[in-house]
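Novice: Add 2 to the 1-based position in the sequence shown for this note's numbering, that's all there is to it.
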Amino acid sequence: MLVSATEMLNKAVSGKYAVGQFNINNLEWTKAILATAQENNSPVILGVSEGAGKYMTGFKTVSAMVSAMVEEMGITVPVALHLDHGTYEGAYKCIEAGFSSIMFDGSHYPIEENIAKTKELVKVCHEKGISLEAEVGSIGGEEDGIIGAGEVADPKECKMIADLGVDFLAAGIGNIHGKYPANWKGLDFDALANTKSLVGDLPLVLHGGTGIPADMIRKAISLGVAKINVNTECQLYFQEATRKYIEEGKDLVGKGFDPRKLLAPGFEAIKVIVKEKMELFGSVGKA
Ligand code: 13P
Numbered sequence: 003m004l005v006s007a008t009e010m011l012n013k014a015v016s017g018k019y020a021v022g023q024f025n026i027n028n029l030e031w032t033k034a035i036l037a038t039a040q041e042n043n044s045p046v047i048l049g050v051s052e053g054a055g056k057y058m059t060g061f062k063t064v065s066a067m068v069s070a071m072v073e074e075m076g077i078t079v080p081v082a083l084h085l086d087h088g089t090y091e092g093a094y095k096c097i098e099a100g101f102s103s104i105m106f107d108g109s110h111y112p113i114e115e116n117i118a119k120t121k122e123l124v125k126v127c128h129e130k131g132i133s134l135e136a137e138v139g140s141i142g143g144e145e146d147g148i149i150g151a152g153e154v155a156d157p158k159e160c161k162m163i164a165d166l167g168v169d170f171l172a173a174g175i176g177n178i179h180g181k182y183p184a185n186w187k188g189l190d191f192d193a194l195a196n197t198k199s200l201v202g203d204l205p206l207v208l209h210g211g212t213g214i215p216a217d218m219i220r221k222a223i224s225l226g227v228a229k230i231n232v233n234t235e236c237q238l239y240f241q242e243a244t245r246k247y248i249e250e251g252k253d254l255v256g257k258g259f260d261p262r263k264l265l266a267p268g269f270e271a272i273k274v275i276v277k278e279k280m281e282l283f284g285s286v287g288k289a
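Written as structure tokens, this is what we have:
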């Protein structure tokens, strides 16, 4: 059964660790992440961007696949199925499709409109036991064609959104999606501490988990980050392992062309990086 992410993230705040959100693209991705969470007794959040949802033919397909996989694999750790950077329309589609958690990214709207739409979605989600993540201050980099400038969120705006009853909040602190440029200034911990002082125990979300050095991750967790999103890093691990398999000519040997063999190294590579992140975030054994 899928669960909302509220309880697992509130526990993470009090236990001073973070739960990973790992984005999924297909069956292999989902299976690798679920298996790793179970093996490490860790709660987990499966993130689905609108683009990935479309790729998998729609949110209903994703929801049916994930729910069935949790059952067929005998997964007992808490699993939340979460819309990542959802539009207003996408949020409603996922609520209907059976997602257990929604991110409504209203960061590109004027703050008044972000507030109005977030408030409405908090009510709709909570009536159905679904958790809601909101965003203030756009995350830099590119994700599914949405390009953010990597702003640092205004702590006062964070407080305004937090007061709407959202379950967790993504506040931009100089983080970006994808690889970090060589001249990246690092996370803005002052902004994070200011936001934390205003929102209290509300779990904070760190997007753009790929490539943030381990010491910065630990410091962010100590300052109230309880959910960390990782996407690109799994893609890079998958790519590298798959490239190696082909370059070594393994697809040309015997039944090496069988997709179940061809995709196996990438599958194993995702398991390696997900386990590493769960250890760094401190969620191992916390299911
Ligand atoms: P990365 O692709 O940089 O890991 O970011 C993932 C993310 O924040 C998804 O919302």
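Positions of the beta carbon are idealized from the N, C-alpha and C atoms, including for glycine.
DSSP state of Phe106, grouped into three classes?
Specialist: Phe106: strand per DSSP, three-state reduction.
Novice: Alpha carbon to alpha carbon, what distance is there between Glu235 and Thr212?
Specialist: Cα to Cα, Thr212 sits roughly 5 Å from Glu235.
Novice: With DSSP run on the structure shown, which of helix, strand or coil describes Lys181?
Specialist: DSSP places Lys181 in coil when its eight states are reduced to three.
Novice: According to DSSP, is Ser224 helix, strand or coil?
Specialist: Of the three classes helix, strand and coil, the one that applies to Ser224 here is helix, per DSSP.
Novice: Any chance the CB of Asn27 is under 6 Å from a heavy atom of the ligand 13P?
Specialist: Answer for Asn27: no, Cβ out of range of the ligand 13P.
Novice: Please tell me whether Val274 and Met280 are closer than 7 Å, where the distance is taken between their beta carbons.
Specialist: No, they are not a contact pair.
Novice: Comparing alpha-carbon positions, which option in Glu159, Ile117, Glu137, Glu98 lies nearest Glu129?
Specialist: Glu129 has its Cα closest to that of Glu98, out of Glu159, Ile117, Glu137, Glu98.
Novice: Could you tell me which residues DSSP pairs with Ser133 in its beta bridges?
Specialist: Answer is Ser103.
Novice: Would a C-beta distance cut-off of 7 Å place Leu166 and Val124 closer than the cut-off?
Specialist: Contact flag set, yes.
Novice: In the structure shown, what three-state DSSP assignment does His209 receive?
Specialist: His209: coil per DSSP, three-state reduction.
Novice: Check whether the Cβ of Val232 sits closer than 6 Å to any heavy atom of the ligand 13P, and report yes or no.
Specialist: Yes, the beta carbon of Val232 sits closer than 6 Å to at least one heavy atom of the ligand 13P.
Novice: Evaluate contact between the region 248-255 and the region 10-25, counting only Cβ atoms and requiring at least three cross-stretch pairs below 8 Å.
Specialist: Not touching, per the Cβ criterion.
Novice: Where do the ends of the alpha helix (DSSP H) carrying Leu85 lie?
Specialist: Taken as a continuous stretch (DSSP letters only), Leu85 belongs to no alpha helix (DSSP H), being part of the beta strand (DSSP E) at 81-88.
Novice: DSSP three-state call for Ala310: helix, strand or coil?
Specialist: In the structure as shown, the chain starts at 3 and stops at 289, and residue 310 therefore has no counterpart that could be examined.
Novice: Quick check on the DSSP output: the alpha helix (DSSP H) that includes Ser51 runs from which residue to which?
Specialist: Per DSSP, Ser51 belongs to no alpha helix (DSSP H); it is in the beta strand (DSSP E), 46-51.
Novice: Should Met75 go down as buried or exposed, given a rule of 16 or more other Cβ atoms within 10 Å for buried?
Specialist: It counts as exposed.
Novice: How is the alpha helix (DSSP H) around Asn25 delimited, first residue to last?
Specialist: Not the alpha helix (DSSP H): Asn25 falls in the beta strand (DSSP E), residues 21-25.
Novice: Please say whether Ile141 and His209 have beta carbons closer to each other than 7 Å?
Specialist: Yes, Cβ-Cβ distance for His209 and Ile141 is below 7 Å.
Novice: So, are the CB atoms of Ser102 and Ala82 less than 7 Å apart?
Specialist: Yes, Cβ-Cβ distance for Ser102 and Ala82 is below 7 Å.
Novice: Near Ala266, which residues of its chain fall below 6 Å by C-beta distance, leaving aside the five closest residues on each side in sequence?
Specialist: Contacts found: none.
Novice: For Gly268, which option in Ala34, Gln23, Ala14 has the closest C-alpha, if you only look at C-alpha atoms?
Specialist: Closest option to Gly268, Cα to Cα, is Ala34.
Novice: Roughly how far, in whole angstroms, is the beta-carbon of Ala39 from the beta-carbon of Val46, given that I think they are within contact range, below 8 Å?
Specialist: With a Cβ gap of about 4 Å, Ala39 and Val46 count as contacting.
Novice: Confirm, please, whether the CB-CB distance from Asn116 to Ala289 is below 7 Å.
Specialist: No.
Novice: Indicate, with yes or no, if the ligand 13P has a heavy atom lying under 6 Å from the CB of Thr296.
Specialist: There is simply no residue 296 to check, as the chain begins at 3 and stops at 289 in what is shown.
Novice: First and last residue of the alpha helix (DSSP H) that includes Asn12?
Specialist: 8-17 is the span of the alpha helix (DSSP H), which, as asked, contains Asn12.
Novice: How many whole angstroms separate the CB atoms of Ala136 and Leu171, which I take to be in contact at a CB cut-off of 8 Å?
Specialist: Rounded, the Cβ-Cβ distance is 6 Å, consistent with contact.
Novice: Under a three-way DSSP split, which group does Ile230 fall into?
Specialist: Note: Ile230 maps to strand in three-state DSSP.
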